[in-house]
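As numbered in mature numbering (1 follows the signal peptide of the UniProt record, and there is no 0), residues -28 to -1, 1 to 424 make up the sequence shown, in order.
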Amino acid sequence: MNVKSHLTTLTALTLSTAIGLASLPATAALPLAVAGQSIPSLAPILEKVTPAVVNISVSGTKVSQQRIPEAFRYFFGPEGHGSQQRRPFQGLGSGVIIDAEQGYILTNNHVIADADEIKVMLKDGHEYEAKLVGADKSSDIALLQIKAENLTEIKFADSDKLRVGDFTIAIGNPFGLGQTVTSGIVSALGRSGLQLENLENFIQTDAAINSGNSGGALLNLRGELIGINTAILGPNGGNVGIGFAIPANMANNLVQQIIEHGEVRRGVLGVSGQELTPDLAKAFDIDIQYGAFINQVTPNSAAAEAGLIAGDIIVSVNNNNIRSFSELRARIGSLGPDKQITLGVVSNGTEKRVTATLKPADNKLANASNLHPGLAGAALTTADNNQGVLIAKVAPRSIAAASGLEEGDIIIGVNKDKVKNLAQLRKLLTEEKATLALNIKRGDQHLFLVLR
């Protein structure tokens, strides 16, 4: 059927529907079909998936810096620009149940950041206390867990197969009103450069997204998860038809790492570069207009071992086109170390495929404020040979310093439980809500520091 005939049929159906409805008595049931054709509705899909989208409420304290007048800073030393205060806060957001058996809920990191208490409300009104399994600030992903039975989950779709124009359904908790459904289309793919997160590879949609939708579901018409709603582009945080979601594949890669390790462990390709501009394409006499231009290859890196050189242009990762260097960073950044990837590369005007095995990132420091407010200002990493958690850095005059932590300390236990690595520490700190006693190894000494 061509477009003209399709529109004619649709118009006729709409008119016949209007005429048919006008002739019905006020108490009559609405028809399920008109002129032999069923009336389109998203209701059957939504009845299956809306129980898997939850409302999230958080409360906690944030550390703020109180400014000290210039005349009094002498008394506080060279770093005495202000004193730290804890201020209470509350927030609302959304989440998606992705594993009904384990009670795993996917949401945004910014929804639960700094929260001391996280509560999840299901569509049926039941409320549960959630624990934080792990989070990744760079991609704005967090994984929660609740203990509940008979949950409904949403399956992941292959977001790499999305096309501009595909229909979308957004479900969330805008402005704390309760579960709300909107619809639209995929407006663009691979959006980056918004300076919202460090790793940006957003799906853009015109489905209405407002404050409180963060962490909610973006679905296809099969009721599968294609993205996690995360950002709005508009004045005063209101909807103007431009919303952004983290692709499902990227979120799923990160979640699997959090489940396995309690944290995200990034793989590194070992290149630096920039977007491929028309001027660069002209200078290198190539016809392609998209890709990631390589300025430099790190020696002994995964890229160097794969044979990449400066001046190469990466145009695809695992058979998925790369539109920009930012998209390359986001795709690589969501994969763990030792992952083998296939790159499409244009080198000296010739397109080829190379295989690279990502190497582990050198920087494995975790921001301790995400684990417990009493650790704010400390940077943590797993000690050698899984012998505890090393305090790699402690910021002067921070809460961690006030708690008695020092650089070089090794946390080997929490209360009565032993700690071998960062993942174990994260789990114990999210399970315990009362007073915590950290068993610290400091040189040849052992001591306990109490966090409240």
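Glycine is no exception: its CB is placed at the ideal position from the N, C-alpha and C atoms. Quick caveat, the model's predicted, so the values are computed rather than measured.
Requested in this report: Report the rounded CA-to-CA distance for residue 282 versus residue 267, giving the unit in angstroms.
Outcome: Position 310 of the sequence shown, counted from the start, is the residue given in the question as residue 282. Position 295 of the sequence shown, counted from the start, is the residue given in the question as residue 267. Computed Cα separation, rounded: 5 Å.
With respect to the beta strand (DSSP E) encompassing residue 244, which residues constitute its N-terminal and C-terminal limits? Here residue 244 refers to the residue found at position 272 when the sequence shown is read from its first residue. Note, residue 244: beta strand (DSSP E), 243 to 247.
Cβ neighbour criterion (16 or more within 10 Å) applied to residue 396: Counting from one through the sequence shown, the residue named residue 396 turns up at place 424. Looking at its Cβ environment, which holds 16 or more other Cβ atoms inside 10 Å, residue 396 is buried.
If I'm right that residue 360 touches residue 234 with Cβ under 8 Å, what's the distance once you round it to whole angstroms? As a working note, residue 360 is residue 388 in the sequence shown. As a working note, residue 234 is residue 262 in the sequence shown. For a cut-off of 8 Å, the C-beta gap from residue 360 to residue 234 is around 15 Å, too long to register as a contact.
Are at least three pairs of beta-carbons, each pair with one atom in the stretch 122 to 137 and one in the stretch 64 to 76, less than 8 Å apart?
-> Below 8 Å, enough C-beta pairs join the stretch 122 to 137 and the stretch 64 to 76 to call them touching: three or more.
* Using 8 Å as the threshold, is the stretch 249 to 267 in touch with the stretch 90 to 106, meaning 3 or more CB pairs across them? -> With the rule of 3 Cβ pairs closer than 8 Å, the stretch 249 to 267 does not count as touching the stretch 90 to 106.
* Thinking just about the alpha-carbon of each residue, which of 178, 184, 194, 279 is nearest to the one in residue 214? -> Position 242 of the sequence shown, counted from the start, is the residue given in the question as residue 214. That would be 178, whose Cα lies nearest to the Cα of residue 214.
Whole-angstrom distance between residue 104 and residue 85, CA atom to CA atom
For this step, residue 85 is matched to residue 113 along the sequence shown. For this step, residue 104 is matched to residue 132 along the sequence shown. Pairing residue 85 with residue 104, the inter-Cα distance amounts to about 10 Å.
Handout entry: Supposed contact pair residue 286 and residue 240 - C-beta distance, whole angstroms, cut 8 Å
Key = Counted from its first residue, the sequence shown places residue 240 at position 268. Counted from its first residue, the sequence shown places residue 286 at position 314. Not confirmed; about 14 Å, so no contact.
- Task: Keeping to the same chain, check which residues put their C-beta closer than 7 Å to that of residue 385; ignore five residues upstream and five downstream.
- Result: Walking along the sequence shown from the start, residue 385 turns up at place 413. Taken in chain order, the residues that qualify are 391, 411.
Report the rounded CA-to-CA distance for residue 170 versus residue 216, giving the unit in angstroms. Your numbering for residue 170 matches position 198 in the sequence shown. Your numbering for residue 216 matches position 244 in the sequence shown. Here the alpha carbons of residue 216 and residue 170 stand approximately 15 Å from one another.
Determine the closest residue to residue 110 out of 27, 129, 306, with distance taken between C-alpha atoms. Locating residue 110 in the sequence shown gives position 138, counting from the first residue. Nearest option by C-alpha distance: 306.
| task | Return helix, strand or coil for residue 358, following the three-state DSSP convention. | result | In the sequence shown, the residue the question calls residue 358 occupies position 386. In the structure shown, residue 358 sits in a helix (DSSP, three-state: H, G or I).
- Item | First and last residue of the uninterrupted beta strand (DSSP E) at residue 233 | Numbered from its first residue, the sequence shown carries residue 233 at position 261. Residue 233 -> not in any beta strand (DSSP E); alpha helix (DSSP H) instead, spanning 220 to 233.
- Query: Taking C-beta to C-beta, are residue 347 and residue 364 nearer than 8 Å?
  - Reply: For the purposes of this step, residue 347 is taken as residue 375 along the sequence shown, with counting starting at 1. For the purposes of this step, residue 364 is taken as residue 392 along the sequence shown, with counting starting at 1. Against a cut-off of 8 Å, the Cβ pair of residue 364 and residue 347 comes out as no contact.
How long is the line joining the alpha carbons of residue 127 and residue 197, rounded to whole angstroms? Taking the sequence shown and counting its residues from 1, one reaches residue 127 at position 155. Taking the sequence shown and counting its residues from 1, one reaches residue 197 at position 225. Spanning the two alpha carbons is a distance of roughly 6 Å.
query: By Cβ distance below 7 Å, which residues in the same chain neighbour residue 269 in space, the five residues on each side in sequence not counted?
result: In the sequence shown, residue 269 corresponds to position 297, counting from 1. Apart from sequence neighbours up to five positions away, the residues of its chain that approach residue 269 with a beta-carbon distance below 7 Å are 242, 243, 275, 276, 280, 281, 282, ordered along the chain.
First through last residue of the beta strand (DSSP E) which encompasses residue 330
In the sequence shown, counting from the first residue as 1, residue 330 sits at position 358. Residue 330: not part of any beta strand (DSSP E); DSSP gives it neither H nor E.
DSSP has residue 323 in a bridge; who is on the other side?
Here residue 323 is taken as the residue at index 351 of the sequence shown, counted from 1. Beta-bridge pairing by DSSP links residue 323 to 318.
**Cβ neighbours of residue 312 in the same chain (closer than 7 Å, five flanking residues each side left out)** = Mapped onto the sequence shown, residue 312 falls at position 340. The answer, listed in chain order, is 327, 329.
**Study point:** Other residues of its chain near residue 132: CB distance less than 7 Å, five sequence neighbours each side excluded
**Key:** The count along the sequence shown starts at 1 and reaches residue 132 at position 160. Within the same chain, residue 132 has close Cβ partners 221, 292.
- Task: Name the residue from 184, 141, 74 whose alpha carbon lies nearest to the alpha carbon of residue 62.
- Result: Here residue 62 corresponds to residue number 90 of the sequence shown, with the count starting at 1. Restricting attention to 184, 141, 74, the CA atom closest to the CA of residue 62 is found in 184.
Is DSSP giving residue 419 helix, strand or coil here? Within the sequence shown, numbered from 1, the residue matching residue 419 stands at position 447. Under the three-state reduction of DSSP, residue 419 is assigned to strand.
So residue 297 is in the alpha helix (DSSP H); what residue range does that whole segment cover?
-> Residue mapping note: residue 297 aligns to position 325 of the sequence shown, counting from 1. 297 to 305 is the span of the alpha helix (DSSP H), which, as asked, contains residue 297.
- prompt: Based on the DSSP output, what are the partners of residue 125 in its beta bridges?
  reply: As a position in the sequence shown, residue 125 is number 153, starting the count at 1. Residue pairing by DSSP leaves residue 125 without any beta bridge partner.
Out of 324, 389, 160, 259, state which residue places its alpha-carbon closest to the alpha-carbon of residue 288. On the sequence shown, residue 288 is found 316 positions in, with the first residue counted as 1. Here the closest residue by C-alpha is 324.
Measuring CA to CA, which of 175, 83, 261, 113 is closest to residue 226?
Here residue 226 refers to the residue found at position 254 when the sequence shown is read from its first residue. That would be 113, whose Cα lies nearest to the Cα of residue 226.
Inset, instruction - Alpha carbon to alpha carbon, how far is residue 255 from residue 16? Give it in angstroms, no decimals. - result: Within the sequence shown, numbered from 1, the residue matching residue 16 stands at position 44. Within the sequence shown, numbered from 1, the residue matching residue 255 stands at position 283. Answer to the nearest angstrom: the Cα atoms are 54 Å apart.
*Does DSSP classify residue 260 as helix, strand or coil?*
Your numbering for residue 260 matches position 288 in the sequence shown. Coil.
key: Neighbourhood of residue 82 by C-beta distance below 7 Å, restricted to the same chain and skipping five residues each side   = On the sequence shown, residue 82 is found 110 positions in, with the first residue counted as 1. Result list for residue 82: 112, 186, in chain order.
Give the C-beta separation of residue 223 and residue 245 to the nearest angstrom, bearing in mind that I take them to be a contact with Cβ-Cβ under 8 Å.
-> In the sequence shown, counting from the first residue as 1, residue 223 sits at position 251. In the sequence shown, counting from the first residue as 1, residue 245 sits at position 273. That pair is no contact at about 25 Å.
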